[in-house]
Structure formats: structure tokens, C-alpha cells
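K.L.:
Chains as they are written, first to last, in our numbering: chain G, 6 to 277; chain X, 6 to 277.
#1: Anything in the region 84-114 of chain X with a Cβ closer than 8 Å to a Cβ of chain G? List those residues in chain order, please.
#2: Pull the bridge partners of residue 207 of chain G from the DSSP assignment, please.
#3: Can you list, in chain order, the residues of its chain whose CB lies under 8 Å from that of residue 96 of chain X, leaving out five sequence neighbours each side?
#4: Would you verify that the beta carbon of residue 11 of chain X is, or is not, closer than 8 Å to some beta carbon of chain G?
#5: My parser needs the alpha helix (DSSP H) runs of 4 or more residues fully inside the region 123-205 of chain G; what are they?
#6: Should residue 196 of chain G go down as buried or exposed, given a rule of 16 or more other Cβ atoms within 10 Å for buried?
#7: Check whether the region 240-249 of chain G and the region 92-108 of chain G touch, using three or more Cβ-Cβ pairs below 8 Å as the test.
#8: If you reduce the DSSP assignment to three classes, tell me which class residue 240 of chain G lands in.
#9: Provide the residue(s) that pair with residue 67 of chain G in DSSP beta bridges, ordered along the chain.
#10: Out of G:52, G:160, G:217 and G:108, state which residue places its alpha-carbon closest to the alpha-carbon of residue 29 of chain G.
#11: DSSP has residue 271 of chain X in a bridge; who is on the other side?
#12: When the Cα of residue 149 of chain X is compared with those of G:132, G:172, G:170 and G:121, which residue comes out closest?
#13: Within the 8 Å Cβ cut-off, does residue 51 of chain X reach chain G?
#14: Can you tell me which of the three DSSP states residue 103 of chain X falls into?
#15: From residue 186 of chain G to residue 108 of chain G, what does the alpha carbon distance come to, in whole angstroms?
#16: Using only alpha-carbon positions, find the residue among G:261, G:61, G:66 and G:204 that is nearest to residue 163 of chain G.
#17: Can you find the residues in the same chain that come closer than 8 Å, C-beta to C-beta, to residue 74 of chain X, ignoring five residues on each side of it along the sequence?
#18: The alpha helix (DSSP H) spanning residue 227 of chain G covers which residue range?
#19: Pairing CB atoms from the region 49-68 of chain G with CB atoms from the region 227-244 of chain G, are three or more of them under 8 Å?
#20: Quick check: the Cα distance between residue 117 of chain X and residue 151 of chain G, rounded to an integer number of angstroms?
#21: Using only alpha-carbon positions, find the residue among G:261, G:220 and G:21 that is nearest to residue 119 of chain X.
#22: CA-CA distance, residue 189 of chain G and residue 36 of chain X?
#23: Output the distance between the C-alpha atoms of residue 200 of chain G and residue 154 of chain G, rounded to the nearest integer angstrom.
Okay, structure coming up:
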């Protein structure tokens with residue numbers, strides 16, 4: 006292989022680190038990849054680290070010791086959160102999104118991959134996830150968001166299903182009560198999906214009364230697993246008292262006035 | 006803002022381009038971001054381009070003219086495909102994955118975010134997607150893969166649902182016949198989800214007889230929309246004749262011998 010110049014190595018290194026956030030790459034990985042000395046690679050890493058800090062594009066962490074190496078950690082500032090979340094609020098405020106019953110059409114927004122990538126980084130900046138083992142969500146609309154959070158944190162994603170499937174092996178099913186409709190619903194999860202005594206973060210797209218989130222918390226108990234955090238893209242302002250506590254919403258949906266075509270949604274002020 | 010050195014600019018530029026593949030960034034975007042001259046930014050771009058080419062990490066395309074700029078295009082080589090796909094084949098060949106009925110437990114593999122990121126790039130290298138408007142999938146297990154393909158191609162994701170929901174507005178529903186079980190199933194999609202006369206690529210995790218893919222093709226007809234490609238992570242070898250033609254599988258599942266605990270799965274030889 007042709008030998009790279011320093012700034013070419015730096016571009017390649019940034020690409021590799023940025024594509025797999027929170028994955029540790031050893032110095033050896035890079036010395037071999039670039040046929041370069043350890044001291045050279047260490048200097049390259051310092052440049053990348055400086056660049057990310059100055060441009061506020063995240064953090065580079067170097068880990069010393071035998072299991073050492075370097076990794077990229079996504080991190081968004083309050084200013085960046087503000088820009089991202091106000092952009093989405095604006096999009097979701099369009100009156101034509103109001104559906105019969107006062108529901109909001111928002112699938113186009115919550116399935117937009119590069120926007121979700123940013124939201125994944127916003128969530129990764131809000132949670133302590135060093136000891137977390139899985140990101141948990143329930144089908145369907147929260148899946149894309151949860152996947153991007155899982156990618157930013159470098160954690161496996163686990164999706165709770167509404168029904169048990171033959172492709173899941175033996176499953177655990179629970180019933181839970183939807184907080185807003187009062188209806189009894191079911192969710193199910195493969196026995197194999199989670200190792201007991203794990204720690205998880207729950208991610209979902211929407212929370213009204215919190216019944217679904219509560220259902221996921223209950224399901225985790227069946228797996229002797231601790232829920233360490235709950236993140237939702239949108240939480241409604243009312244009811245203020247949800248069935249779960251300590252959740253982090255990115256956006257607050259205060260009001261949908263169907264007649265006037267008015268939607269009042271804004272960023273969680275604690276994040277911006 | 007503190008002025009960046011060339012190699013610091015290059016790291017930041019690579020991070021920005023790599024995070025949003027196939028998105029065009031104008032030269033102005035970078036001159037403002039880095040307070041640097043156009044000629045300087047052009048030289049930076051050349052370095053990034055050289056680096057990606059030499060390290061085979063994708064392509065940098067510069068577009069001249071008024072709508073011009075620069076974008077990063079993911080691209081995987083046959084050697085890279087081989088490494089990625091053989092890795093997954095090996096994972097999926099573990100005998101303990103066999104479930105009653107000869108099904109394979111594979112959710113842990115197809116929900117692994119950073120692996121899916123790579124698969125997204127593999128698919129992006131196999132399809133012509135310049136004129137494509139959407140990536141289409143059907144809930145549930147194909148969603149994470151489809152999202153990563155959509156991210157690599159910078160296209161919106163559209164998810165077909167099994168049932169119509171109040172949060173989708175008016176929907177189109179069709180019935181289709183599962184090719185393997187012969188059962189009649191339903192899928193539904195919001196009227197708002199796709200603009201008529203669009204072009205789409207279908208992505209799913211698994212294809213046996215192709216009934217679900219055929220259902221998605223039929224659904225697209227309801228939206229006067231052309232299916233330009235179909236990609237699946239795994240296609241079974243039998244039946245060789247599927248209900249859809251011209252699909253691209255990444256892996257071929259030839260055999261599952263339940264008694265012997267034997268799984269025969271391997272990369273599509275056309276890609277490696």
C-alpha cells in the first residue's frame with residue numbers, strides 16, 4: 006500500500022473513528038493500517054482530538070494500558086441541541102400535520118435517517134451509559150430513533166414485539182395498560198434477547214401518560230434487568246404526572262388545537 | 006473562533022462529510038465554518054479525496070457549478086464485502102441459533118447498529134440510487150437495516166405497517182399472500198408517505214418465497230410508484246424461483262438441519 010501523508014492519515018483516522026462511535030481502536034490497529042510508528046499515530050490522534058474540541062464535534066478519548074486505544078465519543082452542546090431541536094419543532098408545527106382526533110402526523114420526521122443520527126448524538130450526550138448493556142424500545146415508530154441512539158452509544162438494540170413470533174424462540178409476554186386509552190395491550194420479548202442482571206436505557210418516540218414506558222420497565226423486571234434511563238423524542242405536557250419518573254424528553258408537545266390548526270411544540274428547555 | 010490548522014480542518018471536514026453521506030455541502034459552508042479561503046478549502050477537499058481513495062474508505066465527489074459542492078459517497082470493495090459478510094455468516098452459523106421449526110434466531114445480529122452501518126454501505130455500493138426517492142421496508146425486523154441503507158443513500162425511509170393506525174391519517178391497505186405459508190396478510194401505508202410517481206428501493210431482512218416483497222411491489226403500484234431495486238440481507242436458496250425478480254441478497258441461506266444443528270449460510274458470491 007502507498008504510504009499516506011499525515012493529513013491523509015488524519016482524514017482516514019477520523020472517518021474510521023467517527024463511523025463507529027464509542028468503539029475502542031488500539032494504537033496497533035492504526036499503526037498496521039497506516040504502516041506508521043506508534044509515536045506518529047499518537048501525534049495524529051492529538052490532532053484529531055484538538056480538531057473535535059475546537060469545532061465542538063464531539064470528543065476523542067485516549068485510553069492507556071493493555072486494553073488501551075482511542076475512541077470517538079459523540080457530544081452535542083446546548084447550542085447544537087437548540088438548533089437541532091428547534092428545527093424539528095418547526096417541522097412538526099405545520100398545521101397540516103393535524104389528523105382527526107388531534108393526532109400529529111410525524112412519521113416523515115421520525116424516519117429521516119440523518120436527522121435521527123443527530124438525535125442519537127443528542128441522547129448520547131444526556132445519558133451516562135458507560136455501564137449500560139442494551140438500548141430497549143418497542144415496535145414500531147420508536148425503532149429508527151432507538152437504533153440511532155444505540156449506534157451513538159455502541160450498544161446492541163433490543164426491540165420488544167407486540168406479539169410473540171416463531172423466529173424469536175421462547176418468549177416472555179406481559180400485559181400492560183396504555184396510560185392514555187386505558188386499553189390492555191401486550192408486549193413480548195425473546196428469552197435470549199437480554200442477559201439477566203443487565204442495565205438498559207429505554208428509548209421511544211412518544212410519551213403521553215407513560216403506560217408503554219411503564220410496560221417496558223415491567224418487562225425488564227422479568228429479565229432481572231435494571232432500567233437506568235428513559236429517553237423520548239416527544240412528551241406531552243399533559244398529564245404532567247406520568248406513569249414513569251425521571252424520563253428525558255427532547256421536545257414538549259403542549260397543545261394541538263385541531264380547529265385552529267395550531268400545534269405548540271418546543272425543545273425541552275433543560276437541554277438547550 | 007480559534008483558527009484551525011490544515012490537518013485539524015481536514016479532520017473536522019471528514020467528520021462532517023462522513024456523518025451525512027450523499028449530502029452536498031457547498032464550499033461556502035466550509036469557508037464560513039473554518040474562516041478559510043475557497044482555495045484553501047479546495048486543497049483540503051483534495052486531501053480528503055486522496056485519503057478516501059488510497060484507504061478505500063469511500064469516495065469524495067466534487068460538484069461544480071451553482072448548486073455545486075462536495076459530498077461523501079460510501080463505497081465498499083469486494084474484499085471489504087467479503088470480510089463483512091463472512092463475519093455475519095459465521096455468526097449466523099452457530100448451531101444454538103436453530104429454533105423449533107427450523108427457524109433461525111438472528112435478531113441480535115440484525116439489530117447490531119455498527120454492523121448494520123456497514124451493511125448499509127454494502128447496499129449503497131450495489132444500487133444505482135441517484136434518482137431514487139425513498140427506501141421502503143415493512144415492519145418489523147427489516148427496519149434497522151433499511152434505516153441504515155437509507156442513511157447511507159441519504160434518502161427518507163418509509164415503513165409499511167401491518168395495520169393502519171390513527172397516527173397515520175388516511176391509509177391504503179392491501180392484502181397479500183405470504184409465499185411460504187400461503188396465509189393472507191395485510192399491509193398498510195399512509196397516503197401522505199409517498200409522493201406519486203416516485204422511485205423506490207425495497208429493503209428487507211429475509212426473503213423465502215418473496216411474498217412480502219411482492220406485496221410491497223403491489224403496494225407501490227397503488228402509489229403510482231416504481232420499484233427500481235430490491236435488497237435483502239438473507240435469501241433462502243430454495244425455492245430458487247421467487248415471486249419477485251432481480252433482487253440482491255447479501256447472504257444465501259442454503260440449509261438448516263435441525264437435528265444435526267447445522268446451518269449453511271454464505272455470502273452472495275456476486276458481491277465478494
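Virtual Cβ for every residue (Gly too), placed ideally from N, Cα, C. As the structure is a computational prediction, the values presented were derived from the model and not from experiment.
P.N.:
Here's the rundown:
#1: Residues passing the 8 Å Cβ filter: 104, 105, 106, 108, 109, 110, 111, 112 and 113.
#2: DSSP lists G:141 and G:235 as partners of residue 207 of chain G.
#3: Once the five neighbours on either side are set aside, the close Cβ partners of residue 96 of chain X are 114.
#4: With 8 Å as the cut-off, residue 11 of chain X counts as an interface residue toward chain G.
#5: Complete alpha helix (DSSP H) runs here, min 4: 148-158.
#6: With fewer than 16 Cβ atoms within 10 Å of its Cβ, residue 196 of chain G is classed as exposed.
#7: Taking 8 Å as the limit for Cβ pairs, the verdict is that the region 92-108 of chain G does not touch the region 240-249 of chain G.
#8: Of the three classes helix, strand and coil, the one that applies to residue 240 of chain G here is strand, per DSSP.
#9: The partner list for residue 67 of chain G (beta bridge, DSSP) reads G:75.
#10: Of G:52, G:160, G:217 and G:108, the residue nearest in Cα terms is G:160.
#11: The bridge partners DSSP lists for residue 271 of chain X are X:257.
#12: Each of G:132, G:172, G:170 and G:121 was checked against the Cα of residue 149 of chain X, and the nearest Cα belongs to G:121.
#13: Not one beta carbon of chain G lies nearer than 8 Å to the beta carbon of residue 51 of chain X.
#14: Looking at residue 103 of chain X - three-state DSSP - the assignment turns out to be strand.
#15: Cα-Cα distance, rounded: 13 Å.
#16: In terms of Cα proximity to residue 163 of chain G, the closest of G:261, G:61, G:66 and G:204 is G:204.
#17: Short of 8 Å from the beta carbon of residue 74 of chain X, and not among the five residues preceding or following it, lie these beta carbons of its own chain, in chain order: 29, 30, 31, 32, 34, 67 and 68.
#18: Note, residue 227 of chain G: alpha helix (DSSP H), 216-227.
#19: No contact exists between the region 49-68 of chain G and the region 227-244 of chain G.
#20: Rounded to whole angstroms, the separation of the alpha carbons of residue 151 of chain G and residue 117 of chain X is 12 Å.
#21: Just measuring C-alpha positions, the residue of G:261, G:220 and G:21 sitting nearest residue 119 of chain X is G:21.
#22: Between the alpha carbons of residue 189 of chain G and residue 36 of chain X lies a distance of about 56 Å.
#23: Near 20 Å, if we compare the C-alpha coordinates of residue 154 of chain G and residue 200 of chain G.
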